[in-house]
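Numbering (the numbering used here), first residue to last: 594 to 672.
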């Protein structure tokens, strides 16, 4: 699954367009590297998301195409 879609499905970022823009601006890191929106997310990846002054670091625990709002947080674990 593409990183921009994963960020939207997991509700780490509200909209896919915003996630895509964040990738283009270099604010999303996967395993310590700046990535593009087309990056393929895998279980075990460590993502670092910088939005303004806030930095969120998470580890991907599952990848799913569709999840309910209450289950979205089960796709990642905050580090």
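Beta carbons: idealized from backbone N, C-alpha and C, even for Gly.
key: Beta-carbon contacts of residue 628 that lie in its chain and below 8 Å, excluding the five residues immediately before and after   = 596, 616, 621 and 622
key: residue 605, buried or exposed, once every other Cβ within 10 Å from all chains shown has been counted against 16   = buried
Residue closest to residue 651, alpha-carbon to alpha-carbon, out of 635, 613 and 645 = Looking at 635, 613 and 645, the one whose alpha-carbon comes closest to that of residue 651 is 635.
query = Which parts of the segment 604-646 are runs of the alpha helix (DSSP H), unbroken and 4 residues or longer, counting only runs that do not cross its ends?
reply = 609-617
request  = Just the C-alpha distance for residue 648 and residue 637, rounded to the nearest angstrom, thanks.
outcome  = 19 Å
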